[in-house]
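Student: Letter 23 of the sequence shown, counting from 1, is numbered 107 in my numbering, and no numbers are missing. Glycine included, every Cβ here is placed at the ideal spot set by N, Cα and C.
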Amino acid sequence: MAAIDRKRLADTLKMGRICAQRVLSLLEQERQALAARDSQAIETLIPLKIQAFERWEQTEQQRLTLLHEAGFTPDNAGMEKCLDELVAIPQFRSAWQKLLDLTVSCRRENENNGTIIEINRRQTNEALAILSGQPVRPTGYAASGNAQRNQDHRLLGEA
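Rendered as structure tokens:
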């Protein structure tokens, strides 16, 4: 097994952290825009978010290539084994843990945004259904825990 290039590893972990922080920042901005229903801000954030994710992915590919070149498996287990060999240099494990923590935060923020999008989608669909006189999707739950459909539907108006 070849020795890993410590400088390249340190640089890659640092760049990964910077990329993850950028993604997290954009996801937080997206959440605020979603909550405010600010479609212009959301549209502005989309390409920025795509670019940030792509840059993070490139950085991750560099880290995985670096691991592979040093004889480690290009995955989290390989990274852990590499860090075990670098036990005398604790800043590597710390940098890796910070990156993992940021990844968890990004995943959580992205899931929260997905939830907001789903709620907004359902509300929009229900409003459209009411306006067009169609049955509304489930709006509540029975004592049994099963979703109940609002069976009473009326057209609010016609043009």
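When you compare each of Gln142, Ala94, Ala87 to Lys182 by their alpha carbons, which one comes out closest?
Tutor: Here residue 182 corresponds to residue number 98 of the sequence shown, with the count starting at 1. Nearest C-alpha to Lys182: Ala94.
Student: Use the C-beta contact count for Lys91: other C-beta atoms within 10 angstroms, 16 or more gives buried, fewer gives exposed.
Tutor: Counting from 1 along the sequence shown, the entry for residue 91 is found at position 7. Answer is exposed; the Cβ neighbour count stays below 16.
Student: Which word fits Thr208, buried or exposed, when buried means at least 16 other C-beta atoms lie within 10 angstroms of its C-beta?
Tutor: Counting from 1 along the sequence shown, the entry for residue 208 is found at position 124. Classification of Thr208: exposed, given that the 10 Å Cβ count is below 16.
Student: Let me check one thing: in DSSP terms, what residues is Val107 bridge-paired to?
Tutor: Here residue 107 corresponds to residue number 23 of the sequence shown, with the count starting at 1. In the DSSP output, where bridge partners are listed per residue, Val107 has none listed.
Student: Would you report the Cα separation of Val171 and Gly100, rounded to the nearest angstrom?
Tutor: For the purposes of this step, residue 171 is taken as residue 87 along the sequence shown, with counting starting at 1. For the purposes of this step, residue 100 is taken as residue 16 along the sequence shown, with counting starting at 1. If you take the alpha carbons of Val171 and Gly100, they lie about 21 angstroms apart.
Student: Quick one, which of Gly162, Ile88, Arg106 has its alpha-carbon nearest Ala136's?
Tutor: The sequence position of residue 136 within the sequence shown is 52, counting from 1. Residue Arg106 is the option with its Cα nearest to Ala136.
Student: How would you write the range of the alpha helix (DSSP H) that Gln218 sits in, first residue to last?
Tutor: Within the sequence shown, numbered from 1, the residue matching residue 218 stands at position 134. First-last for Gln218: undefined, no H or E at that position.
Student: Under a three-way DSSP split, which group does Gln207 fall into?
Tutor: On the sequence shown, residue 207 is found 123 positions in, with the first residue counted as 1. Looking at Gln207 - three-state DSSP - the assignment turns out to be helix.
Student: When the Cα atoms are used, what is the spatial distance from Met163 to Thr157?
Tutor: Along the sequence shown, one-based indexing puts residue 163 at 79. Along the sequence shown, one-based indexing puts residue 157 at 73. Roughly 8 angstroms separates the two Cα atoms.
Student: Counting beta carbon pairs with one atom in the stretch 107-122 and one in the stretch 187-197, are three or more of them shorter than 8 angstroms?
Tutor: As far as the Cβ criterion goes, the stretch 187-197 touches the stretch 107-122, which means the pair count is three or higher.
Student: Report all residues from its chain with a CB closer than 6 angstroms to the CB of Ala161; omit the five preceding and five following residues, and keep chain order.
Tutor: Start at 1 with the first residue of the sequence shown, and residue 161 comes out as number 77. So the list is empty, once near-sequence residues are dropped.
Student: Rounded C-beta distance between Cys166 and Ile88? I'm assuming under 8 angstroms.
Tutor: Start at 1 with the first residue of the sequence shown, and residue 166 comes out as number 82. Start at 1 with the first residue of the sequence shown, and residue 88 comes out as number 4. The pair is a contact, with the Cβ atoms about 6 angstroms apart (cut-off 8 angstroms).
Student: Kindly provide the ranges of any alpha helix (DSSP H) runs that are 4 or more residues long and lie completely inside the stretch 85-159, ordered along the chain.
Tutor: Listed in chain order, they are 90-120, 123-153.
Student: Using beta-carbon positions only, say whether Gln132 and Ala117 come within less than 8 angstroms of one another.
Tutor: Locating residue 132 in the sequence shown gives position 48, where the first residue counts as 1. Locating residue 117 in the sequence shown gives position 33, where the first residue counts as 1. Correcting the residue identity first, residue 132 is Leu in this sequence and not Gln. No, they are not a contact pair.
Student: Got a sec? Which residues, its chain only, sit under 7 angstroms from Arg139 by beta carbon, not counting five neighbours each side?
Tutor: What you label residue 139 is simply residue 55 of the sequence shown in a count that begins at 1. Excluding sequence neighbours, Arg139 sits near Cys103.
Student: Rounded to a whole number of angstroms, what is the C-alpha to C-alpha distance between Glu127 and Arg205?
Tutor: The residue you call residue 127 lines up with position 43 of the sequence shown. The residue you call residue 205 lines up with position 121 of the sequence shown. About 16 angstroms.
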